[in-house]
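Asks: Questions regarding the structure given below will be posed in turn.
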Amino acid sequence: MRSKALVLAAVLTLSACGGAGETPATGGGGSGDPAPGVTDDTVLIGTHQPLTGPAAPGYSTISAGAKAMYSHINDNGGIHGRKIEYRVEDDGYNPTRTVEVVKKLVLQDEVFAIVGGLGTPTHSKVVDFLNTEGVPDLLVASGALMWDDPAKSRMTFGFQVDYTREGKILGDYIAKTFPDAKVGVFHQNDDVGRDGMAGLEKHVTITSAQGYDPANTDVLPQITALKQAGADVVVCECVPAFTALAILTSARIGYKPKFVVSSIGADPRTLTGLLSEFGKRAGAEVSAPQLLTGLIGAGYLPDVNLTSDPWTALFREVHQKYIPDVPLTNTVVYGMAQAYTFAQALKEAGRDLTREGIIKVMESGVLTGPGLTPFAFSPESHSGYTGAYVFTINADGNTTVVQEPVVTDRGDGPIEPAPTGRKTPSDIGLVG
Amino acid sequence: MDLTTLLLSGLALGAIYAALGLSLVIIFRATQMVNFAQPALALVCAYLAFAVNRATGGYWLGFIVAIVAGGVLGALTERLLIRPLKDRGPLSPVIVTLGLLLVLQAVAGMIWTAEPQSFPYAFDFRGAFSPASLFAVVVVLVTAGAILLLFKFTTIGLRMRAAAFRPEVAALVGVRVGRMLTIGWTLAAAVGALAGLLAAPPFIHPTVMDTVFVYALTAAVIGGLDNAIGTVIGGFLLGIVLSLVSGYLGAELVTLAALAILVVVLSVRPDGLFGQRVARRV
Amino acid sequence: MLRHLLLALAALAAIVALTFLVDPFTNIRIATVGYLLLAVAGLTVLTGLTGQISLGHGAFLFIGAYTVALLVVYVPSLPFWVDLLAAAAAAGLAGVLTGAAAARLHGPYLAGATLALAVGLPAITQRFPDFLGGSNGLGFTVNSKPAGIDIPSTQWQAWIVWLTVLAALVLLANLTRGRVGRRLRAVRDDEVAAGLAGIHVGRTKITAFLVSAVCGGLAGGLQAFLLGTAAPGSFTPALSLGLLAAMVLGGVGSLWGALWGAVALVALQAGTEELAHALELGTDVANNLPLAAYGVVLIAVVMAFPQGIHGLVRRMRPVKPEGAA
Numbered sequence: 001m002r003s004k005a006l007v008l009a010a011v012l013t014l015s016a017c018g019g020a021g022e023t024p025a026t027g028g029g030g031s032g033d034p035a036p037g038v039t040d041d042t043v044l045i046g047t048h049q050p051l052t053g054p055a056a057p058g059y060s061t062i063s064a065g066a067k068a069m070y071s072h073i074n075d076n077g078g079i080h081g082r083k084i085e086y087r088v089e090d091d092g093y094n095p096t097r098t099v100e101v102v103k104k105l106v107l108q109d110e111v112f113a114i115v116g117g118l119g120t121p122t123h124s125k126v127v128d129f130l131n132t133e134g135v136p137d138l139l140v141a142s143g144a145l146m147w148d149d150p151a152k153s154r155m156t157f158g159f160q161v162d163y164t165r166e167g168k169i170l171g172d173y174i175a176k177t178f179p180d181a182k183v184g185v186f187h188q189n190d191d192v193g194r195d196g197m198a199g200l201e202k203h204v205t206i207t208s209a210q211g212y213d214p215a216n217t218d219v220l221p222q223i224t225a226l227k228q229a230g231a232d233v234v235v236c237e238c239v240p241a242f243t244a245l246a247i248l249t250s251a252r253i254g255y256k257p258k259f260v261v262s263s264i265g266a267d268p269r270t271l272t273g274l275l276s277e278f279g280k281r282a283g284a285e286v287s288a289p290q291l292l293t294g295l296i297g298a299g300y301l302p303d304v305n306l307t308s309d310p311w312t313a314l315f316r317e318v319h320q321k322y323i324p325d326v327p328l329t330n331t332v333v334y335g336m337a338q339a340y341t342f343a344q345a346l347k348e349a350g351r352d353l354t355r356e357g358i359i360k361v362m363e364s365g366v367l368t369g370p371g372l373t374p375f376a377f378s379p380e381s382h383s384g385y386t387g388a389y390v391f392t393i394n395a396d397g398n399t400t401v402v403q404e405p406v407v408t409d410r411g412d413g414p415i416e417p418a419p420t421g422r423k424t425p426s427d428i429g430l431v432g
Numbered sequence: 001m002d003l004t005t006l007l008l009s010g011l012a013l014g015a016i017y018a019a020l021g022l023s024l025v026i027i028f029r030a031t032q033m034v035n036f037a038q039p040a041l042a043l044v045c046a047y048l049a050f051a052v053n054r055a056t057g058g059y060w061l062g063f064i065v066a067i068v069a070g071g072v073l074g075a076l077t078e079r080l081l082i083r084p085l086k087d088r089g090p091l092s093p094v095i096v097t098l099g100l101l102l103v104l105q106a107v108a109g110m111i112w113t114a115e116p117q118s119f120p121y122a123f124d125f126r127g128a129f130s131p132a133s134l135f136a137v138v139v140v141l142v143t144a145g146a147i148l149l150l151f152k153f154t155t156i157g158l159r160m161r162a163a164a165f166r167p168e169v170a171a172l173v174g175v176r177v178g179r180m181l182t183i184g185w186t187l188a189a190a191v192g193a194l195a196g197l198l199a200a201p202p203f204i205h206p207t208v209m210d211t212v213f214v215y216a217l218t219a220a221v222i223g224g225l226d227n228a229i230g231t232v233i234g235g236f237l238l239g240i241v242l243s244l245v246s247g248y249l250g251a252e253l254v255t256l257a258a259l260a261i262l263v264v265v266l267s268v269r270p271d272g273l274f275g276q277r278v279a280r281r282v
Numbered sequence: 001m002l003r004h005l006l007l008a009l010a011a012l013a014a015i016v017a018l019t020f021l022v023d024p025f026t027n028i029r030i031a032t033v034g035y036l037l038l039a040v041a042g043l044t045v046l047t048g049l050t051g052q053i054s055l056g057h058g059a060f061l062f063i064g065a066y067t068v069a070l071l072v073v074y075v076p077s078l079p080f081w082v083d084l085l086a087a088a089a090a091a092g093l094a095g096v097l098t099g100a101a102a103a104r105l106h107g108p109y110l111a112g113a114t115l116a117l118a119v120g121l122p123a124i125t126q127r128f129p130d131f132l133g134g135s136n137g138l139g140f141t142v143n144s145k146p147a148g149i150d151i152p153s154t155q156w157q158a159w160i161v162w163l164t165v166l167a168a169l170v171l172l173a174n175l176t177r178g179r180v181g182r183r184l185r186a187v188r189d190d191e192v193a194a195g196l197a198g199i200h201v202g203r204t205k206i207t208a209f210l211v212s213a214v215c216g217g218l219a220g221g222l223q224a225f226l227l228g229t230a231a232p233g234s235f236t237p238a239l240s241l242g243l244l245a246a247m248v249l250g251g252v253g254s255l256w257g258a259l260w261g262a263v264a265l266v267a268l269q270a271g272t273e274e275l276a277h278a279l280e281l282g283t284d285v286a287n288n289l290p291l292a293a294y295g296v297v298l299i300a301v302v303m304a305f306p307q308g309i310h311g312l313v314r315r316m317r318p319v320k321p322e323g324a325a
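Residue numbers (the UniProt record's numbering), protein chains in the order written: chain D, 1 to 432; chain F, 1 to 282; chain H, 1 to 325.
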């Protein structure tokens with residue numbers, strides 16, 4: 001027994017110390033050996049977000065939401081008596097900067113964990129470093145598939161539903177609801193589009209796929225091509241600004257397909273805001289409600305308009321108290337949900353906090369969180385949310401769920417109803 | 001792909017490049033430099049229009065405020081930042097205007113956040129060649145024509161040209177050179193504000209003018225930096241060619257295409273299609 | 001030559017000693033200063049000595065970084081120094097081509113063309129997403145530390161970066177002090193007179209582009225080595241403009257100026273970030289504060305100190321007969 005424990009400790013120490021010499025020992029250390037970033041009354045975590053530069057539009061409010069949630073938790077006594085200190089570094093969506101700021105967070109600020117690092121091109125460059133250093137890399141803010149590789153990257157865990165799972169769910173919904181429709185795709189020219197289409201194609205045949213480059217806002221050629229291909233349904237695998245551009249450009253050329261939008265670009269409030277100014281000068285047909293009514297979207301977190309949901313009630317309360325000036329969108333909710341999920345893991349890890357401890361909690365599957373589908377978290381899978389619900393936008397800007405939450409895998413597995421009986425904030429009892 | 005659609009769309013895009021390019025040319029003619037702060041000046045003006053629009057619910061008051069603000073900002077920039085650098089060689093103004101670009105973009109982000117926000121078109125944007133596109137093309141052509149008339153046929157235009165190209169001689173014959181430069185910057189930044197108002201829709205955010213600036217400078221270089229008409233032609237040409245590239249070859253090739261066009265044009269005509277070969281000062 | 005070599009050796013010894021005194025992250029900052037110094041030094045040759053204003057220097061860093069990245073990923077057996085030489089060669093080739101195309105261009109035309117280069121070139125990655133990684137770019141780890149050297153990897157990286165940078169600088173210093181340097185300056189001061197004096201102006205400009213691009217390519221390769229990434233999002237026009245700004249901040253036309261510029265660039269970034277954290281401002285203000293501060297410093301330094309930091313340093317100490325290169 002004793003020798004086994006020693007071997008385990010040695011292995012853990014070795015794996016943690018991998019490349020660099022000054023990595024603080026993690027795991028197995030017990031109470032006498034606190035983890036980096038952890039003191040008696042604080043735990044320091046870091047993240048990298050695009051706060052300025054070309055990619056900031058659309059993402060810059062995530063960390064505002066997370067910060068508000070951490071303030072809420074801290075003002076209610078923190079977790080196990082520790083306040084969560086949340087350090088946000090701006091990487092401008094530049095991978096070089098990402099590597100610099102993450103190394104700074106780990107080597108100089110000595111954060112306990114990186115939580116919600118944002119973006120595929122950016123975060124993919126620090127996964128190896130964080131795993132070599134043994135730094136928990138939790139709830140990555142991207143739906144790419146690569147965060148789920150526990151054999152190679154044990155410290156890394158996803159958060160949002162991955163693009164392929166979501167593509168499958170949307171493809172299945174389209175096949176059932178519009179069996180005779182020609183399906184076109186308007187997608188971002190990267191893994192968002194590639195992985196999303198891989199899922200879609202399991203259920204529908206794609207008539208025309210048109211990519212866009214986030215730096216080029218002239219999408220008329222792509223939308224014209226979709227129109228000419230005769231697509232009746234257009235799936236947008238894109239960020240909100242490009243969903244809105246696709247909708248506007250379609251209106252411009254008199255093209256009226258059914259838009260089906262993946263969760264990253266389907267937030268009704270953001271879209272309504274983006275489209276709010278056009279009805280005034282160009283007639284009621286292009287007012288935001290007219291353009292958005294009937295749009296189909298996917299989601300995995302409770303919608304801000306769902307006031308009956310106990311989680312939404314909590315998010316609204318936190319928003320009202322800490323960041324009333326930031327418009328409450330599903331992007332803000334995303335940051336809040338992510339922060340809440342991390343805090344929950346922290347709570348489960350106990351007062352005796354170690355890096356290994358929190359990884360064990362993540363893999364244990366106890367996390368439930370605010371989402372409507374479960375996490376895939378287990379020792380074998382580090383995927384985040386496993387499914388989504390499908391909704392449609394009503395004329396009043398609210399949403400109606402048209403397909404209850406379903407879960408699936410990334411392969412050829414079935415699409416099944418998500419387990420019901422989601423825990424509420426008071427069930428979890430994180431604070432107070 | 002529908003050729004007419006692409007051509008008309010390119011024409012509307014080209015109007016924006018032409019407008020911002022025009023503002024670069026006016027400054028180049030006045031002070032022999034490229035104003036790298038121009039996109040940020042235009043951005044701030046567009047944001048001012050945005051704020052006025054939101055407050056009043058209209059469009060044209062914001063439009064006027066933006067143009068006037070552009071003129072004021074241009075004059076201030078010339079007086080406070082550019083004039084002190086008069087005898088400093090070509091690099092200092094580049095860096096100072098770059099610094100101003102960063103400051104103005106940061107201030108815009110501080111006030112109006114980094115998030116994209118809805119910005120209206122002047123008119124209905126629907127149709128292959130919408131009223132909004134028509135407005136953009138017409139207003140740019142009219143502005144370019146007015147500027148040409150100003151430079152060619154008015155006393156003040158003549159004085160501005162004299163102040164720019166022979167400042168010592170101009171001063172000797174009684175032209176107030178400094179004032180002429182300020183007027184040039186005022187005019188240029190007002191035209192830049194117009195470009196901002198045309199470029200901002202549908203969504204405004206702090207970096208919305210960045211790519212527009214790259215294409216506007218490309219247009220000005222293609223057309224000839226000292227030639228307003230050449231730059232306007234260059235802007236429309238670039239808009240159309242890039243629209244065709246995007247439609248027929250792929251959206252990701254647009255920036256490469258701009259580079260290719262520039263290389264081709266400059267290898268044949270190092271001073272742009274319509275630029276004048278400046279005699280070397282020995 | 002000997003004097004430069006001795007100076008470089010002393011500098012290397014000082015930096016190695018310094019890396020033992022600081023934490024692992026500061027070693028990354030030290031290495032960052034190194035590769036930025038080399039990039040700015042390259043720009044100094046082109047813009048400072050030859051008078052060619054380039055807004056596209058980042059394109060050469062892009063080429064260098066991708067050369068190293070591709071060799072590490074696809075030809076992992078090559079030793080690192082071969083990768084670096086290849087990065088220098090690839091960037092040098094691009095430099096000659098750019099120089100040949102740009103030799104006839106003047107002032108703002110050159111600026112516009114090089115800006116288009118900085119914007120256009122990284123778009124190649126979108127055209128060949130399988131080979132170049134698309135917008136995600138390439139991520140990798142460069143293994144160069146021999147087994148048995150027991151120091152933190154960031155410290156080792158700082159050594160390698162500075163060894164390369166100083167070697168390149170010695171060559172550069174000798175080059176700019178010699179006949180080539182005199183030709184470059186002659187072309188900057190007066191193209192017509194230089195031509196009359198028998199200097200081939202076009203060829204001289206191409207040489208300047210070549211030297212500058214090799215430095216840029218090496219810097220890009222070192223950046224890839226240090227940070228393990230090559231992605232289009234790292235090589236935006238902001239990088240090129242930042243390098244130009246660093247050169248002017250440091251002091252145009254001198255390799256010492258390049259050093260001060262690189263130090264200023266890194267220090268400014270670190271300082272303004274700390275400022276934003278320390279002030280705890282509302283998010284939108286705090287987020288944009290580093291950008292604003294950077295802009296203000298650029299304006300203030302250029303307005304107040306025309307000779308840059310190097311000019312300031314020189315003014316503060318007695319002038320030596322043999323001023324820095």
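All C-beta atoms, glycine included, are put in the ideal place defined by N, C-alpha and C.
(1) Between D:Ser3 and the rest of its own chain, which residues show a CB-CB distance below 7 Å, the 5 nearest in sequence each way excluded?
(2) Using only the alpha-carbon positions, how far apart do H:Tyr66 and H:Lys145 sit?
(3) Output needed for H:Thr164: all residues of its chain with C-beta closer than 7 Å, excluding positions within five of it in sequence on either side, in chain order.
(4) Closer than 7 Å by C-beta to H:Gly310: which residues in its own chain qualify, once you throw out the five before and the five after it? Chain order, please.
(5) Looking at the structure shown, is H:Leu9 part of a helix, part of a strand, or coil, going by DSSP?
(6) The stretch 90-101 of chain D: which residues have C-beta closer than 9 Å to a C-beta of chain H, in chain order?
(7) Start and end of the alpha helix (DSSP H) containing F:Ser246?
(8) Measuring CB to CB, does F:Thr5 end up less than 9 Å from F:Ile82?
(9) How would you label D:Lys67, buried or exposed, when you count the other beta carbons within 10 angstroms and need 16 or more for buried?
(10) Would you say H:Gln126 faces chain F, with C-beta separation under 9 Å as the test?
(11) Leaving aside the five residues before and after D:Pro419 along the sequence, list all residues of the same chain whose C-beta is less than 6 Å from its C-beta, in chain order.
(12) Tell me whether F:Phe129 sits in a helix, a strand or coil according to DSSP, three-state version.
(13) Along the chain, where does the beta strand (DSSP E) that runs through residue 501 of chain D open and close?
(14) How would you list, in chain order, the residues of chain H whose beta-carbon sits under 8 Å from the beta-carbon of D:Ser124?
(15) Just reading off the beta strand (DSSP E) that H:Gly271 is part of, what are its end residues?
(16) Answer yes or no: do F:Leu48 and F:Ala19 have a C-beta to C-beta separation smaller than 9 Å?
(17) Taking the alpha carbon of D:Ala55 as the reference point, which residue from D:Asp137, D:Glu201 and D:Val239 has its own alpha carbon closest?
(18) Starting from the beta carbon of H:Ile206, find every residue of chain F whose beta carbon is closer than 9 Å, and list them in chain order.
(19) Nearest by alpha-carbon distance to H:Asn27: which of H:Ala245, H:Arg183, H:Leu226 and H:Gln269 is it?
(20) Can you check whether the C-beta of H:Tyr109 is within less than 9 Å of a C-beta belonging to chain F?
(21) For H:Gly195, which of helix, strand or coil comes out of DSSP?
(22) Classify H:Val96 as helix, strand or coil using the three-state DSSP reduction.
(23) H:Thr19 versus chain D: which residues are under 7 Å apart at the beta carbon?
(24) Between which two residues does the alpha helix (DSSP H) holding D:Val332 run?
(25) Here's the rule: buried if 16 or more other CB atoms are within 10 angstroms of the residue's CB, otherwise exposed. What is F:Gln276?
(26) Enumerated in chain order, which unbroken segments of the alpha helix (DSSP H) with a length of 4 residues or greater are wholly contained in the stretch 39-103 of chain D?
Replies: The short version:
(1) The sequence position of residue 3 of chain D within the first sequence is 3, counting from 1. In this predicted model, D:Ser3 has a pLDDT of only 43, less than 50, meaning its place in the structure is not dependable enough to derive any value.
(2) Here residue 66 of chain H refers to the residue found at position 66 when the third sequence is read from its first residue. Here residue 145 of chain H refers to the residue found at position 145 when the third sequence is read from its first residue. If I take the Cα positions, the gap works out to 21 Å.
(3) Here residue 164 of chain H corresponds to residue number 164 of the third sequence, with the count starting at 1. Cβ neighbours of H:Thr164 beyond the five flanking positions: Leu84, Leu218 and Leu222.
(4) In the third sequence, residue 310 of chain H corresponds to position 310, counting from 1. This sequence places His at residue 310 of chain H; Gly is not what is there. Excluding sequence neighbours, H:His310 sits near Gly250, Gly251, Ser254, Trp256, Gly257 and Trp260.
(5) Translated into positions along the third sequence, residue 9 of chain H becomes position 9. The answer is helix: DSSP assigns H:Leu9 an H, G or I state.
(6) Asp90, Gly92, Tyr93, Asn94, Pro95, Thr96, Arg97, Thr98, Val99, Glu100 and Val101
(7) Reading the second sequence from its first residue, position 246 is the one you call residue 246 of chain F. F:Ser246 -> alpha helix (DSSP H) spans Ala228 to Tyr248.
(8) Within the second sequence, the letter at position 5 stands for residue 5 of chain F. Within the second sequence, the letter at position 82 stands for residue 82 of chain F. No, they are not a contact pair.
(9) Sequence index remark: in the first sequence, residue 67 of chain D carries index 67 (1-based). D:Lys67 is buried by the Cβ-count criterion.
(10) The residue you call residue 126 of chain H lines up with position 126 of the third sequence. Output row for H:Gln126: interface = yes.
(11) Working through the first sequence from its first residue, we reach residue 419 of chain D at position 419. Around D:Pro419: no qualifying Cβ.
(12) Indexing the second sequence from 1 puts residue 129 of chain F at position 129. It is coil, neither helix nor strand.
(13) The question about residue 501 of chain D has no answer here: the residues shown for chain D are numbered 1 through 432.
(14) Position 124 of the first sequence, counted from the first residue, corresponds to residue 124 of chain D. By Cβ distance, chain H contributes Asn136 and Gly139.
(15) To locate residue 271 of chain H, count along the third sequence from 1; it is residue 271. Here H:Gly271 belongs to no beta strand (DSSP E); instead the alpha helix (DSSP H) covers Leu255 to Leu279.
(16) By 1-based counting over the second sequence, the position of residue 48 of chain F is 48. By 1-based counting over the second sequence, the position of residue 19 of chain F is 19. No, these two residues do not count as a Cβ contact at 9 Å.
(17) Within the first sequence, numbered from 1, the residue matching residue 55 of chain D stands at position 55. It is D:Val239.
(18) Position 206 of the third sequence, counted from the start, is the residue given in the question as residue 206 of chain H. Within chain F, no residue comes near H:Ile206; the closest Cβ sits about 14 Å away, beyond 9 Å.
(19) To locate residue 27 of chain H, count along the third sequence from 1; it is residue 27. Of the candidates H:Ala245, H:Arg183, H:Leu226 and H:Gln269, the one whose C-alpha sits nearest the C-alpha of H:Asn27 is H:Leu226.
(20) Counted from its first residue, the third sequence places residue 109 of chain H at position 109. Yes, H:Tyr109 lies at the interface with chain F (some Cβ there is under 9 Å from its Cβ).
(21) Here residue 195 of chain H refers to the residue found at position 195 of the third sequence. Correct three-state label for H:Gly195: helix.
(22) As a first step, residue 96 of chain H is located in the third sequence; it is residue number 96 there, counting from the start. Here H:Val96 sits in helix by DSSP.
(23) Along the third sequence, one-based indexing puts residue 19 of chain H at 19. None at all; the shortest Cβ gap to chain D is about 13 Å.
(24) Here residue 332 of chain D refers to the residue found at position 332 of the first sequence. D:Val332 -> alpha helix (DSSP H) spans Asn330 to Ala349.
(25) Translated into positions along the second sequence, residue 276 of chain F becomes position 276. So F:Gln276 ends up on the exposed side.
(26) 62-75 and 95-103
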